[in-house]
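The numbering of the sequence shown is UniProt numbering, which starts it at 1 and goes up by one.
In this text, a Cβ means the ideal position worked out from N, Cα and C, and glycines have one as well.
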Amino acid sequence: MDNDGDLDIITASIDSNNYNGSFTMVYFDPHRFPRSVDCADMNGDGWTDIVFASFDDLLLRLAVPDKPFEFHPIVTVQAVTQSQVIIIADMNSDGWPDIVTWEKVATEDVLVFLNFLNTTSTFDRLVLRSDPGFTPLVADIAVDDMDRDGALDVVVTTSTAVYWIRNMHGNETMFSDPILIGNCPRNVYSVDVGDVTGDGMPDVAAISYQGNVAVVFANNGSSSFDVLAEVSAYRGFTIVLADVNLDGNVDVTYSSYLGDAVMWCNNRFGNGTFDDCVGSQVILSNVRSHTVADIDGYGMLDIVGLSPSLGTYWLPATPVYGPLSSLESNVTTLTGFTHEDTVLSLGLRDVVGDPLSGLVSPGLVDIGLRFGEEMWEVTDKWIVPRGTYIDGPALQFTVNVAEPGSYTITMSVYGEPVANSPSVFLAAQLCEPGEHVKDNILCVPCEKDTFSEEYAVAACEPCPLQMTSPAGSDSYLNCICTPGYWFGIAPRAPGRLCELCPAGGVCAGGDAVPVAAEGFFEVSPGSAQFVECPREGSCAGANRCQSGYTGYLCATCSSGYYSATAVRCRACPKLPLILFASTCAGLGLVAVVVAIIISWSVARSVAATPSYEMTAGMLVSAERIRQFRTNLVPTSVSMVLVAFQIVAMIAQLDFSWTRESQAVLNAFLVVNIDTSLFASECAVSTFHAKYVISLLLPLVLLILVAVVLVLLRAMPRLISFASHLVQVPNRVLVDAAVFVTSPLLYIPVSRAALVLFGCVRQSNGKWVLTIDRGVECFDQAWWRVAPFGLFVVGVFVIGIPVYFGLSLFKHRTLLFEAHNLVRFGPLHRLYRRHYYWGEVANLAKRLGLVMVAVFLTGAQLLQLAILVVILVMSVVIVSRYSPYYYPLYNTVDLRLGCAVLGLVMVAVASYSERRNTRFHPHLLAATIVFTVVLLAVSLHAIFIDVQHLYKTRQIDGYAVSERQRHMRVVLETELLDMEASAAVRAAADAFLMAMEAESVANDVLLGDIKMDEIAVNLDDAEATPAMRAAADDALAALEA
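If you want it as structure tokens, here you go:
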């Protein structure tokens, strides 16, 4: 009323608010029996004027500008009988406040007085409803834009119903007839309008005194209403719709006449579902009227009303404060840091626990801080529109302390402690990254294997699995991998785990990338891919090579070293040229000795066939064949030599032999004429030169043998038996040299020739030799020697077996013709007639072993499997068919094959332990045992063979006699097993007597000859006509 910013209370008298909660009553004589009052700036001078109704007049009193509570004389607007309610509102939308009331006469008319003080200084009267009027009597009116068309409409309630009159924009004829909103129980005293449902359309509430209910009608927006809620209201007199708790939802308040209180019904969810109504704490006897407004300016709606006992009363809204909160709700212990502002919030809640949007002045809240005996007041306080703990404004304040420890915070409003007062405030040191808070106060470094990247963390984060970090780590980057793990190829990221160290690598942990372990090499720098080094002991780790090794995978022998085997480099001897020359000289001497032995054998064959030229095309006599079968040298030596060559070849394969086992087996390398054994690489410059030499040496040996034979033929007087060679063509001598020497040289020459074509692709994409990973395939140097290698493969490796086989097959029916016996005799002399092709089969076996050794390098399991199959098949075939003429050689071959097979099984066991780097005494013991067995079998075979040679010299026809004795034993055994008849036995006795007459020896050699092999054995025994006749009789009797 006085423009001081504070709301004043107007009743039948004017009470002035002095801001401090007291009121000064200002009286003036308005008129007789004042009934209703409202106020507004009616004349636009900026000061609030008063409009009120007496018993029979509608009166206006204009305020005197700039003179608070001074008014001009009363002006009668118009005579109105017993007006009960006055509402001031701009009904015609002209910007000037108009007056709405009703006249309590027989018609109960609703009146609108349009304000034209700015022009005519008068009011124009509009009657919204005339005779017959509202029936029953009008009880109350309200004004609002019910249809949201921009013009204010009028809501009217009678004692039993509620209507609304639509404003047709200010003309009397433009107000509609009353429109029914809804019926109510009797004795409706009051009506009000507000958006209860929150849909933007004004709803209507009416209170029935007699019915004890407040009925809320929802505005459907189509000029129709539905009953939304019926709220229990005991003897309700006045109803007011307002957002009492400022939660954005319109609530219901009403004056309970007999309840002696103003009641509040909370529209908690904004949908017209009301909580149970609660009443004011002050007893208001027979309260008849009230309204709500923020009288004290604290942002909350107070209650102002009339009570016969209290008169005009004001009930200020007293806030009920909720708990103090920081980041969590309902906590009594708060935390902060020293020398840092910690902002805390004090939230407001009403009596039912809802947040209040208004807040008292910060000065009304007392906040104290206590530390030990010291206590001080917090003055840094302010209001924020939204608190931390509640959805609404709050009082916030700052706490800043210097010492760490436990502080006590006390809070009160109007001298009353708020909830959670006192509260505990723990001030901790502000922990830096790399630290965490201990006991809520102190800072301590992060423990080992943990880290923190933020300030003031309660606990440090653990490093991921397989990671470690030093104490006090302030970043996840301090978490490094433990040994055996690394970060991987991809960039580092938080939470990423360490990866297991790749196979073949060594991971030192930390940020280090994997490096090659000992025995491994990294495919390319930074690839973290490792392959096993082909040469044993060559890689020192971290892509460094041991002494004597160099290049990719450390596969190349350094200068001053040579490739002793496929897996080792050794230091060159001091005089490699002398050693190499001595080796060549030794091979030359061997060639001379072999040539002399061959010439002796050929001379004996020629001597056994007088008039060689004349006997061409004629079969040799049985006596001469017996002489041909007679051995001049122990053949078991060549069989032992071949067995040693196979062992030497197996020793050079990568079966993960132990160093000790390898040393034992390397003793056999000398028999393969392996130039590495004599350090040939130290005498020549390159592997390719060594390759050519390794092929030339055995071929030169073969050529030397042939040359010596030819020379002996040309100089018959040089050696006594050489005179017989004059009758032999040079071609036959060359064949003899090839037939005798080639089988012994076949394994070393074949292997030496084929190694050039045994290539494997390395991890870097280059092709290298399997026998020497330091030598590239398909480069210029390789192509320079490849033609020579192909020539040797074609002529010797493939050509020799083919030549042998074709020669024997072509002359198979005339092998014992005099000319062929001299020429091809060395090929089939050791074999029974039926198995004349035995030497070709042996060459095929050796070729298979060589190809497995050369071309299956890197596939050790397959290599071992095929080696076992070949050797087992060889042992089975010899055991089953006994292809050799002399039973001794069948036994020798069988025993040698078993000993070699035993060493192959040791290789299988050694390869199975390839990942175990420990010393394996059992493998070394097995290697020694089978090596000793092989040597023992070899020495025993040679000893027995020498014995037989001696007997052959002493007893003429000893070899044939032995086969006859063998046949006798077999025949007698079979006759007993068959339960032969008397006739069969008589015939057999005749045969045996005939054979006995031919026997010249007493010793018997055991064998395995079946009855169906008698015909073959007769050929092998060179039987006489008498023996054959007796055998035919015996066989005929047996057939009968």
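Rounded to whole angstroms, what is the Cα-Cα separation between residue i and residue j?
i           : j           : result
residue 808 : residue 744 : 19 Å
residue 466 : residue 550 : 36 Å
residue 943 : residue 767 : 49 Å
residue 682 : residue 569 : 11 Å
residue 785 : residue 714 : 36 Å
residue 199 : residue 478 : 59 Å
residue 450 : residue 458 : 13 Å
residue 382 : residue 313 : 32 Å
residue 120 : residue 127 : 20 Å
residue 794 : residue 850 : 15 Å
residue 176 : residue 1   : 36 Å
residue 635 : residue 861 : 35 Å
residue 558 : residue 552 : 12 Å
residue 480 : residue 527 : 20 Å
residue 252 : residue 239 : 7 Å
residue 362 : residue 288 : 36 Å
residue 986 : residue 887 : 29 Å
residue 762 : residue 452 : 47 Å
residue 305 : residue 316 : 12 Å
residue 871 : residue 468 : 57 Å
residue 37  : residue 346 : 41 Å
residue 670 : residue 586 : 12 Å
Between residue i and chain B, is there a C-beta pair that is closer than 8 Å?
i           : result
residue 783 : No chain B appears in this structure, which consists of one protein chain only.
Apply the 10 Å Cβ neighbour rule to residue i and answer buried if 16 or more other Cβ atoms are within range, or exposed otherwise.
i           : result
residue 655 : buried
residue 403 : exposed
residue 267 : buried
residue 764 : exposed
residue 35  : buried
residue 373 : exposed
residue 72  : exposed
residue 690 : buried
residue 303 : buried
Identify whether residue i lies in helix, strand or coil by the three-state DSSP scheme.
i            : result
residue 78   : strand
residue 1063 : This structure leaves residue 1063 out entirely; the chain is present only between 1 and 1040.
residue 763  : coil
residue 271  : coil
residue 426  : strand
residue 294  : coil
residue 819  : helix
residue 412  : strand
residue 526  : coil
residue 255  : strand
residue 498  : coil
residue 20   : The predicted model places residue 20 with a pLDDT of 47, which falls under 50 and marks its position as unreliable; any figure quoted below should be read in that light. In this structure, residue 20 counts as coil in the three-state DSSP scheme.
residue 11   : coil
residue 212  : coil
residue 200  : coil
residue 183  : strand
Assuming residue i and residue j make a contact with CB atoms under 8 Å, what is their CB distance in whole Å?
i           : j           : result
residue 483 : residue 509 : 4 Å
residue 831 : residue 885 : 6 Å
residue 53  : residue 93  : With 8 Å as the limit, residue 53 and residue 93 do not qualify as a contact, their Cβ atoms being about 24 Å apart.
residue 934 : residue 900 : 7 Å
residue 753 : residue 695 : 6 Å
Take residue i and list the residues in its own chain whose beta-carbon comes closer than 8 Å to its own, dropping the five residues that flank it on each side.
i           : result
residue 20  : Only weak support is given to the placement of residue 20: the predicted model assigns it a pLDDT of 47, under 50, and the question is left unresolved by the model.
residue 195 : 201, 202, 203, 250
residue 516 : 504, 505, 506, 522, 530, 539, 541, 542, 543
Sorted by chain position, which residues of the same chain lie with C-beta nearer than 7 Å to residue i's C-beta, five sequence neighbours on each side aside?
i           : result
residue 518 : 539, 540, 541
residue 710 : 730, 733
In chain order, what residues of the same chain have a beta carbon less than 6 Å from the beta carbon of residue i, not counting five sequence neighbours either side?
i            : result
residue 1016 : The predicted model places residue 1016 with a pLDDT of 49, which falls under 50 and marks its position as unreliable; any figure quoted below should be read in that light. Cβ neighbours of residue 1016 beyond the five flanking positions: 834.
residue 823  : 732, 735
residue 226  : 218
residue 739  : 826, 827
Please tell me whether, using a cut-off of 7 Å, the distance from the CB of residue i to the nearest non-hydrogen atom of the ligand NAD is below it.
i           : result
residue 153 : No copy of the ligand NAD appears in this structure; indeed no ligand is present at all.
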